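The sequence shown maps to residues 1 to 204 in UniProt numbering. Virtual Cβ for every residue (Gly too), placed ideally from N, Cα, C. All values reported here derive from a predicted model rather than from experimental measurement.
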Amino acid sequence: SSARPITHGVPQGAILAPLLFCIYINDLPGSIQSCNLDSYLDDSKLYKSFCIYDLEQTSINLEADLQIAAKWCLEHQLLINPEKTKFLVVGSRPMLQNVPTEISLTFLGKTVRPVLLAKDLGINLDSYLSYDDHISKLVSSCMRKLCQINRVKDSFDNETLKLVIETLVINKLLYCSTVWSNTSSNNINKLQSVQNFACRVISG
1 SSARPITHGV PQGAILAPLL FCIYINDLPG SIQSCNLDSY LDDSKLYKSF CIYDLEQTSI
61 NLEADLQIAA KWCLEHQLLI NPEKTKFLVV GSRPMLQNVP TEISLTFLGK TVRPVLLAKD
121 LGINLDSYLS YDDHISKLVS SCMRKLCQIN RVKDSFDNET LKLVIETLVI NKLLYCSTVW
181 SNTSSNNINK LQSVQNFACR VISG
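(1) Label lysine 190 either buried or exposed according to how many other C-beta atoms from any shown protein chain fall within 10 Å of its C-beta, with 16 as the threshold for buried.
(2) Nearest-angstrom Cα distance between aspartate 79 and cysteine 73?
(3) If I measure Cβ to Cβ from aspartate 65 and keep anything under 8 Å in the same chain, skipping five residues before and after, which residues do I get?
(4) How would you call serine 127, buried or exposed, if buried means at least 16 neighbouring beta carbons within 10 angstroms?
(5) Name the two residues that bound the continuous beta strand (DSSP E) containing leucine 163.
(6) Counting along the chain, where does the beta strand (DSSP E) carrying phenylalanine 107 start and finish?
(7) What's the gap between the Cα of serine 49 and the Cα of isoleucine 68?
(8) For leucine 125 versus leucine 138, is the C-beta distance shorter than 8 Å?
(9) Do isoleucine 188 and isoleucine 165 have their beta-carbon atoms positioned less than 8 Å apart in this structure?
(10) I think lysine 145 touches valine 169, with their Cβ atoms under 8 Å apart; what is that distance to the nearest whole Å?
(11) Since lysine 71 is in the alpha helix (DSSP H), which residue starts that stretch and which ends it?
(12) Out of Val90, Thr85 and Gln97, state which residue places its alpha-carbon closest to the alpha-carbon of leucine 129.
(13) Once the 5 residues before and after glutamine 77 are set aside, which same chain residues still bring their CB inside 8 Å of it?
(14) Can you tell me which of Ile202, Asp132 and Gln57 puts its alpha carbon nearest to the alpha carbon of asparagine 158?
(15) Going by DSSP, what residue range makes up the alpha helix (DSSP H) through leucine 125?
(16) Going by DSSP, what residues sit across from asparagine 36 in a beta bridge?
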């Protein structure tokens, strides 16, 4: 394709694009005043630990830092989609029972209310960090793939079959496993059932 000038941003798919973008937004966390901010490329998270009696002040701090982040992005010609902005309150069940249901944040003219689930880099996070929803969907997806592989496994030799299962199932199963490894024994058993089925498919 012909060359075109780029006035801002980085070309999608370019080898250096992720590195250049990380350099470009490197000073964004330094502009945040009250909260913490972590980013993975264009996916950023504001977070703050607080006691339940500090909820009102924490909401004020979050809103203020959201406005700072929005102003920084505007000055650097970056767009934020408020529709994709999620507000997740994480804590124990007794603590969350004391969180007012009407709590909300205002961001770029939109009201952002707490959600029960938020997806972050492919992991479904819930308010209790139980990972029940994430593991349920993960197990269902892996089982479907294994059933599909099982129907055509006679087309592969044993080594190829192992490679296919490792690539399409086991890699998916292990993705970010260190994050949800403290989940309940019930969820661990569900994950084990996927591995057991994978072994049965391979062993015939």
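The structure says:
(1) Buried is the call here.
(2) Checking the displayed sequence, the identity of residue 79 turns out to be leucine instead of aspartate. It is roughly 6 Å from the alpha-carbon of leucine 79 to the alpha-carbon of cysteine 73.
(3) Result list for aspartate 65: Ile32, Gln33, Ser34, Cys35, Leu37 and Leu46, in chain order.
(4) With 16 or more Cβ atoms within 10 Å of its Cβ, serine 127 is classed as buried.
(5) It is not in any beta strand (DSSP E) - leucine 163 instead sits in the alpha helix (DSSP H) that spans 158–165.
(6) In the DSSP assignment, phenylalanine 107 falls within the unbroken beta strand (DSSP E) covering 105–107.
(7) Straight-line Cα distance between these residues: approximately 19 Å.
(8) It is not a contact, given that the beta carbons lie outside the stated cut-off.
(9) Not closer than 8 Å, so no.
(10) Lysine 145 to valine 169, Cβ: 5 Å. Contact.
(11) Run containing lysine 71: 55–75, per the alpha helix (DSSP H) assignment.
(12) Leucine 129 has its Cα closest to that of Val90, out of Val90, Thr85 and Gln97.
(13) Cβ within range, chain order: His8 and Gly9.
(14) When C-alpha distances from asparagine 158 are compared across Ile202, Asp132 and Gln57, the shortest belongs to Ile202.
(15) First-last for leucine 125: 123–126, but that is the beta strand (DSSP E), not the alpha helix (DSSP H).
(16) BP columns for asparagine 36 point to Tyr47.
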